[in-house]
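S.K.: End of the sequence shown = 286 in the working numbering, gap-free, step of one. Don't be surprised by glycine CBs; every beta carbon is placed ideally from N, CA and C. Note that the coordinates shown come from a computational prediction; the quantities given were computed from them, not determined experimentally.
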Amino acid sequence: MRILIFDGAPQAAQDRIVAHGGARNGKLFTDALARHTAELEAVTVNVADGERLPQGLSVGDFDGVTVSGSPLNIYDRTPAVTRQLDLAREIFDAGVPVWGSCWGLQLMSTVLGGHVRLNPRGRELGFARNIARTDAGRGHWLLDGKALAFDALCSHIDEVDRIPDGARVLASNGRSEVQALEFERDGGSFVGVQYHPEHGFAHTAAIIDARRDVLVREGAARAEADLDPVLADMRALDADPGRTDAAWRLGLDEQVLDPALRTAEFGNWLRRHVAPRRSRRSAAT
Numbered sequence: 002m003r004i005l006i007f008d009g010a011p012q013a014a015q016d017r018i019v020a021h022g023g024a025r026n027g028k029l030f031t032d033a034l035a036r037h038t039a040e041l042e043a044v045t046v047n048v049a050d051g052e053r054l055p056q057g058l059s060v061g062d063f064d065g066v067t068v069s070g071s072p073l074n075i076y077d078r079t080p081a082v083t084r085q086l087d088l089a090r091e092i093f094d095a096g097v098p099v100w101g102s103c104w105g106l107q108l109m110s111t112v113l114g115g116h117v118r119l120n121p122r123g124r125e126l127g128f129a130r131n132i133a134r135t136d137a138g139r140g141h142w143l144l145d146g147k148a149l150a151f152d153a154l155c156s157h158i159d160e161v162d163r164i165p166d167g168a169r170v171l172a173s174n175g176r177s178e179v180q181a182l183e184f185e186r187d188g189g190s191f192v193g194v195q196y197h198p199e200h201g202f203a204h205t206a207a208i209i210d211a212r213r214d215v216l217v218r219e220g221a222a223r224a225e226a227d228l229d230p231v232l233a234d235m236r237a238l239d240a241d242p243g244r245t246d247a248a249w250r251l252g253l254d255e256q257v258l259d260p261a262l263r264t265a266e267f268g269n270w271l272r273r274h275v276a277p278r279r280s281r282r283s284a285a286t
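1) Span of the beta strand (DSSP E) holding Ile4?
2) With DSSP as the reference, label Val82 as helix, strand or coil.
3) Put Arg218 into one of helix, strand or coil per three-state DSSP.
4) Can you tell me where the beta strand (DSSP E) holding Asn47 begins and where it ends?
5) How many Å lie between Ala237 and Ala148 at the Cα?
6) Return helix, strand or coil for Leu271, following the three-state DSSP convention.
7) Taking the C-alpha atoms as reference points, what is the distance between Arg130 and Pro55?
8) Using the Cα positions of Phe267 and Gly220, report the straight-line distance between them to the nearest angstrom.
9) Mind checking which residues open and close the alpha helix (DSSP H) that includes His204?
10) Tell me whether the beta-carbon of Asp152 lies closer than 7 Å to the beta-carbon of Val257.
11) For the beta strand (DSSP E) holding Leu171, just list the boundary residues, first then last.
12) Could you check if His204 belongs to the surroundings of the ligand PLP, using beta carbon to heavy atom distance under 6 Å?
13) Report buried or exposed for Leu119, applying the criterion of at least 16 other Cβ atoms within 10 angstroms of its Cβ.
14) Hey, quick one: how far does the beta strand (DSSP E) through Thr67 stretch, first residue to last?
15) List the residues that DSSP assigns as beta-bridge partners of Trp100.
16) Between which two residues does the beta strand (DSSP E) containing Arg118 stretch?
17) What are the boundary residues of the beta strand (DSSP E) that includes Gly146?
18) Determine, using beta carbons only, whether Ala172 and Ile132 come nearer to each other than 7 Å.
19) Measuring alpha carbon to alpha carbon, tell me which residue in Arg250, Val217, Arg124 and Asn26 is nearest Pro230.
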């Protein structure tokens, strides 16, 4: 399966997270997807920084596209944003299955006619709690293997506040009504989530670590040092998911602790949309 990892985060922003023990989007998605297929050919392109597809490849040469997270805001129409909107529109119109995490959900929702805003309920960072299936999400293939309500790793301050016409909201929680969404039109398909199934504990801890001052300013902690025990537990779980003491303190269950369950949506997407497209492409060559 040839997957384009559409990197929406400027490298300079990723450098800061890497300095705190995180990883780059290309590695996060490659590792998460590889849990669910042994036939992965991943190509990462940093669209935010203006990178282009490798010579000789067009969007139609891919079996699927994953759009990453990003610290950018869709309502700031800088060149780093507008070039992503343009390529995302081209990809969807070409009929290539698209996945979006966080920024990816916001970007594609905007391309397809929805709207994104600064979340009036504030930042959701660390764990998105009690993500519950909507009626449309009950029995939906995207959430196969997930509990009816589950927690997930997350990091966002913007949200989709108006979905594209014809889209279906599959999951919601108390922080954001749109936690998972599906949209299909004219042979194009998109599924996206507001949380980050590609993230691990160390990466999420790195984001928190890099934003200690912001979290104190927003009231999530009284002092930067107050975050130390949380970060220690998250990093302990990254090294050993069997650390039941750390899991208990953070209030986590297997939906977050088990990497296969945490990334289950990727496997479901690969089976539903990417594998069939690969078969069609192979038959046509």
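M.R.: With the structure as the only source:
1) Arg3 to Asp8
2) helix
3) helix
4) Glu42 to Asn47
5) 25 Å
6) helix
7) 39 Å
8) 34 Å
9) Phe202 to Ala211
10) yes
11) Arg169 to Ser173
12) The ligand PLP is not among the ligands present in this structure, which contains no ligands whatsoever.
13) exposed
14) Gly65 to Val68
15) Thr67 and Val192
16) His116 to Leu119
17) No beta strand (DSSP E) contains Gly146, which DSSP labels as neither H nor E.
18) yes
19) Arg250
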